[in-house]
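Structure record follows, encoded as structure tokens.
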Amino acid sequence: MTDTVDPAAVPGPDQPGRTGAPGRPGRRAPAQALFRRLFLLNGLVFTVGTLVLALSPATVSSPVLLTEIPVLTVGLALILAANALLLRASLAPLDALTTLMRRVDLLRTGDRLVDAGNGDLTNLIDTFNAMLDRLEAERSASSAHALAAQEGERQRIARELHDEIGQSLTVVLLGLKRAVDRAPAELREELHAVQETLRSSLDDVGRVARRLRPDVLEDLGLLSAMNALATEFSQVSGVPVVRRSKPDLPALSAEKELVIYRIAQESLTNVARHARAGRVELSLRAEAGAVVLRVADDGLGEVRREGAGIRGMRERALLIGARLTITAVPGSGTEVRLAVPMTAEGS
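Here the numbering used here is used: position 184 in the sequence shown is 186, and no number is missing along the way.
Now the structure itself:
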């Protein structure tokens with residue numbers, strides 16, 4: 003379905019558009035507010051300068067005498083200095099706003115410019131903060147749709163691997179077993195090798211299907227799924243995993259459990275690919291109103307740039323309002339910490 007726009011709601015050439023921060027009708031446009039501020043400041047400086055000149059004993063002759071030039075020069079310098087100081091203090095929030103524009107990242111929420119009584123610039127600050135709120139909400143919604151579609155596709159592929167490819171390989175393996183039993187002695191050793199290769203391929207298919215769709219998470223819960231994940235990681239990578247999880251975790255929603263599992267999975271995958279670690283510590287426990295996941299290794303400790311994997315972890319954390327921090331110390335290792343806040347309902 004295509005959205006339609008009411009032509010009457012669109013401002014035309016003679017119909018000015020709406021300005022100002024949301025929820026504050028009647029506010030001046032930012033350009034008008036800034037013009038008014040500069041005009042008043044300059045008017046104030048020149049008015050004060052004129053009053054001082056009028057009330058002082060200094061006089062200006064026509065033509066100007068040489069002895070009067072220093073007085074005029076000092077007066078002009080004082081007016082310009084006062085004007086510069088007032089303008090600099092008045093426009094200082096624009097520097098802070100520019101700095102925030104350069105560093106803002108929608109995957110790191112909550113970075114806002116504080117309105118410290120900036121007069122007419124309050125409108126501009128409020129508008130920019132409202133824009134960040136809207137962009138973060140839209141980014142979160144689009145990420146939720148994308149990740150939901152990704153999980154659905156993973157489940158579909160996992161089902162096809164298990165139901166079609168896995169079953170086909172099982173049928174082939176059973177047929178090969180019967181062929182081995184009836185084969186001549188000189189062919190049995192070669193057929194046994196093919197049988198073992200096929201069995202290994204079947205195990206690989208099952209492992210890929212489990213990574214795509216963690217059935218153990220739905221059947222046995224988060225702790226069992228984390229233990230299975232750590233066991234599989236150690237078997238594949240050869241890196242031992244020290245587990246420090248607490249069994250008394252509060253109840254979590256299915257969405258939060260899936261986010262915790264996926265971030266732990268991606269963290270261990272990054273360790274296997276990049277860290278060159280000799281040991282990994284995996285912990286999951288309740289701390290001060292939050293469930294905290296911690297994955298720490300003793301590897302290289304280098305995060306040169308945040309690739310698709312880390313950004314995907316940040317997007318998942320945003321979906322449940324969790325805080326993800328990644329600390330890398332060169333030569334000492336990397337720590338991934340996810341703090342999932344508990345709601346009033348404890349989910």
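Ideal Cβ placement from N, Cα and C applies to all residues, glycine included. Predicted, not measured: the structure shown is a model, and the values here were computed from it.
Helix, strand or coil, according to DSSP, for residue i in the structure here?
i    : result
D299 : strand
V116 : coil
R26  : Summary for R26: the model assigns pLDDT 48, below 50, so the residue's position carries little reliability, and this model does not support an answer.
R245 : strand
L320 : helix
V182 : helix
V47  : helix
R90  : helix
V73  : helix
L260 : helix
R156 : helix
V238 : helix
L231 : helix
D107 : coil
D165 : helix
F130 : helix
P95  : helix
L42  : helix
G333 : coil
R278 : coil
D250 : coil
G311 : helix
V305 : coil
S142 : helix
L80  : helix
S255 : coil
S226 : helix
L149 : helix
S269 : helix
According to DSSP, which residues form a beta bridge with residue i?
i    : result
I328 : V338
S285 : R296
P343 : A292
Taking 8 angstroms as the cut-off, decide whether the C-beta atoms of residue i and residue j are in contact.
i    : j    : result
M228 : G291 : no
G353 : E268 : Here the chain has residues from 3 to 349 only, and residue 353 is not among them.
E308 : A298 : no
L163 : V218 : no
L225 : L251 : yes
L340 : L295 : yes
L115 : A98  : yes
A146 : L254 : no
G51  : G77  : yes
A79  : V47  : no
S236 : V243 : yes
S247 : R281 : no
Q152 : K179 : no
L89  : L43  : yes
V342 : A324 : yes
T233 : A277 : no
L96  : D113 : no
R418 : R215 : Since the displayed the chain opens at 3 and closes at 349, residue 418 lies outside it and no answer follows.
R156 : S92  : no
A266 : V273 : no
**Request:** Examine the Cβ distances between the stretch 296-307 and the stretch 323-341 and report whether three or more of them are shorter than 8 angstroms.
**Result:** These segments touch.
* **the stretch 172-189 / the stretch 199-206 touching (three or more Cβ pairs under 8 angstroms)** => Result yes; three or more Cβ-Cβ pairs closer than 8 angstroms.
Quiz item: Are at least three pairs of beta-carbons, each pair with one atom in the stretch 132-143 and one in the stretch 188-198, less than 8 angstroms apart?
Solution: Contact fails between the stretch 132-143 and the stretch 188-198, because fewer than three Cβ pairs, one in each stretch, are under 8 angstroms apart.
Curious, which full-length alpha helix (DSSP H) runs of at least 4 residues does the stretch 173-223 contain?
Counting whole runs of 4 or more residues, the stretch 173-223 contains the alpha helix (DSSP H) stretches 187-214 and 217-222.
Next on the checklist: Does the contact criterion of 3 or more C-beta pairs under 8 angstroms hold for the stretch 209-225 versus the stretch 148-165?
Outcome noted: Touching, per the Cβ criterion.
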